[in-house]
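Chemist: The structure is given below, and queries will be raised subsequently.
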Amino acid sequence: MNQKERIVKALKLLESKKTISQEELMRIFSISKDTARRDILKLVESGLAERYPGGVSLPILKPQIESYTSRLVKQSEQKQAIASAAGEVIKDHMTIYLDVSTTVHFLASDLEQNDLLVVTNSMDNAIAAAQNEANKVYLLGGFFNFHSRVLSGEPVLGQLKQFNFDVAFIGGAGLTEQGIFYSELTDVYMKQEIIRNSEKVYLLIDHTKVNTKTAFKLDFSGIDAVITNEPLPKDLMQHLISKEVEVISLKGL
Numbered sequence: 001m002n003q004k005e006r007i008v009k010a011l012k013l014l015e016s017k018k019t020i021s022q023e024e025l026m027r028i029f030s031i032s033k034d035t036a037r038r039d040i041l042k043l044v045e046s047g048l049a050e051r052y053p054g055g056v057s058l059p060i061l062k063p064q065i066e067s068y069t070s071r072l073v074k075q076s077e078q079k080q081a082i083a084s085a086a087g088e089v090i091k092d093h094m095t096i097y098l099d100v101s102t103t104v105h106f107l108a109s110d111l112e113q114n115d116l117l118v119v120t121n122s123m124d125n126a127i128a129a130a131q132n133e134a135n136k137v138y139l140l141g142g143f144f145n146f147h148s149r150v151l152s153g154e155p156v157l158g159q160l161k162q163f164n165f166d167v168a169f170i171g172g173a174g175l176t177e178q179g180i181f182y183s184e185l186t187d188v189y190m191k192q193e194i195i196r197n198s199e200k201v202y203l204l205i206d207h208t209k210v211n212t213k214t215a216f217k218l219d220f221s222g223i224d225a226v227i228t229n230e231p232l233p234k235d236l237m238q239h240l241i242s243k244e245v246e247v248i249s250l251k252g253l
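So for the sequence shown, the UniProt record's numbering puts the first residue at 1; every next one is plus one.
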């Protein structure tokens, strides 16, 4: 059983037990003390649990564990690879925006640069990025959605106007020649404001979202590049090139 599988099972145990000790993790999963310690660190860094002496417990603001972890684990290797490629764009001293997206969350968890100002409206991204104490994290304030652990609304849009981002990383629910698709109209408003206040904008999206549509869409204006794990369909690729959007495919073009 790999770490991702153990994390999901540990979270299910936390739902019923509320706390779980390092010794219990060692016994349940037949793992060493060092492996159990690494699993605990991953849980804490991801914002899915809080550390207490000898183990972990559910966070005070308890997330919807099943829905969040299912999204985080699904296509996790591909999302991690996309996030790693995106991380190469970031340099020390930058001001960056991290969108609400499970792929972007992997990026937030792996920031190695120093003296960054990281801005986000996602509690999970803020917690993950704050693990590197060499960086500053600004969590935008607004209306709190308990289920998604996101802050949104007019207050967030107003604060976004005050920033100048060197680079922004956004996600999407779907991607076609028509544009980038989202589940909520407020998502489109957020992305438009992010784009207006960013020098460079990268869309991080895995192959499962390609040729998927939802009710609301954003055109490609202001999008500088798309980072994905599989080659895009020829027609979509040509359309993006015509819009001067760079395509970075981890398996080649």
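Just so it is clear, CB atoms sit at the ideal spot from N, CA and C, and this is done for glycine as well. Given the structure is predicted, the values throughout are model-derived calculations rather than measurements.
So what does residue 122 bridge to, in DSSP terms?
Modeler: In the sequence shown, counting from the first residue as 1, residue 122 sits at position 122. According to DSSP, residue 122 bridges with 150.
Chemist: I'd like the list of long-range same chain contacts for residue 131, defined as Cβ closer than 7 Å, with 5 residues on each side in sequence excluded.
Modeler: Indexing the sequence shown from 1 puts residue 131 at position 131. Answer for residue 131: 45, listed in chain order.
Chemist: For residue 164 and residue 140, which I take to be in contact (beta-carbon distance under 8 Å), what is that distance rounded to the nearest angstrom?
Modeler: Here residue 164 refers to the residue found at position 164 of the sequence shown. Here residue 140 refers to the residue found at position 140 of the sequence shown. With 8 Å as the limit, residue 164 and residue 140 do not qualify as a contact, their Cβ atoms being about 15 Å apart.
Chemist: In the DSSP assignment, find the beta strand (DSSP E) that holds residue 57 and state where it starts and stops.
Modeler: As a working mapping, residue 57 is identified with position 57 in the sequence shown. Its beta strand (DSSP E) spans residues 55-57.
Chemist: Could you check if residue 220 is buried or exposed, using at least 16 other CB atoms within 10 Å of its CB as the buried criterion?
Modeler: As a first step, residue 220 is located in the sequence shown; it is residue number 220 there, counting from the start. When all chains shown are included, residue 220 counts as buried.
Chemist: Where are the beta strand (DSSP E) runs, 3 residues long or more, that stay fully inside the UniProt domain "HTH deoR-type" (3-58), in chain order?
Modeler: Runs found: 19-21, 50-52, 55-57.
Chemist: State the CB to CB distance for the pair residue 282 and residue 195, rounded to an integer number of angstroms; the pair is presumed to be in contact (CB under 8 Å).
Modeler: Here the chain covers residues 1 to 253 and nothing more, so residue 282 does not appear.
Chemist: Excluding the 5 residues preceding and the 5 following residue 142 in the sequence, name in chain order all residues of the same chain whose CB lies nearer than 6 Å to its CB.
Modeler: In the sequence shown, the residue the question calls residue 142 occupies position 142. Excluding positions up to five away in sequence, the list reads 151, 152, 153, 155, 156.
Chemist: Report the three-state DSSP secondary structure of residue 225 (helix, strand or coil).
Modeler: Reading the sequence shown from its first residue, position 225 is the one you call residue 225. Residue state, collapsed to three classes: strand.
Chemist: Quick one: Cα of residue 94 to Cα of residue 137, how far?
Modeler: Here residue 94 corresponds to residue number 94 of the sequence shown, with the count starting at 1. Here residue 137 corresponds to residue number 137 of the sequence shown, with the count starting at 1. Approximately 12 Å, taken between the alpha carbons.
Chemist: What's the call for residue 11, buried or exposed, on a 16-neighbour Cβ count within 10 Å?
Modeler: By 1-based counting over the sequence shown, the position of residue 11 is 11. Residue 11 is buried by the Cβ-count criterion.
Chemist: Which residue comes first and which comes last in the beta strand (DSSP E) that contains residue 249?
Modeler: Indexing the sequence shown from 1 puts residue 249 at position 249. Counting along the chain, the beta strand (DSSP E) containing residue 249 begins and ends at 246-249.
Chemist: DSSP has residue 136 in a bridge; who is on the other side?
Modeler: As a working note, residue 136 is residue 136 in the sequence shown. Per DSSP, 117.
Chemist: Taking residue 87 as the reference, which of 77, 79, 110 has the closest Cα?
Modeler: Reading the sequence shown from its first residue, position 87 is the one you call residue 87. The option with the nearest alpha carbon to residue 87 is 110.
Chemist: Whole-angstrom Cβ separation of residue 216 and residue 169, contact assumed at under 8 Å?
Modeler: Start at 1 with the first residue of the sequence shown, and residue 216 comes out as number 216. Start at 1 with the first residue of the sequence shown, and residue 169 comes out as number 169. So it is not a contact: roughly 20 Å between Cβ atoms.
Chemist: Could you pull the start and end residues of the alpha helix (DSSP H) that residue 87 belongs to?
Modeler: Position 87 of the sequence shown, counting from 1, holds the residue named residue 87. Note, residue 87: alpha helix (DSSP H), 76-87.
Chemist: Indicate whether residue 89 and residue 202 have their beta-carbon atoms separated by less than 8 Å.
Modeler: Here residue 89 refers to the residue found at position 89 of the sequence shown. Here residue 202 refers to the residue found at position 202 of the sequence shown. It is a contact, given that the beta carbons lie within the stated cut-off.
Chemist: Find out if the Cβ-Cβ distance for the pair residue 27, residue 40 is shorter than 8 Å.
Modeler: Working through the sequence shown from its first residue, we reach residue 27 at position 27. Working through the sequence shown from its first residue, we reach residue 40 at position 40. No, they are not a contact pair.
Chemist: If you draw a straight line from the alpha carbon of residue 104 to that of residue 171, how long is it in whole angstroms?
Modeler: As a working mapping, residue 104 is identified with position 104 in the sequence shown. As a working mapping, residue 171 is identified with position 171 in the sequence shown. In a straight line, the C-alpha of residue 104 is about 7 Å away from that of residue 171.
Chemist: Which first and last residues belong to the beta strand (DSSP E) in which residue 98 is found?
Modeler: Counting from 1 along the sequence shown, the entry for residue 98 is found at position 98. Element bounds for residue 98: 95-98.
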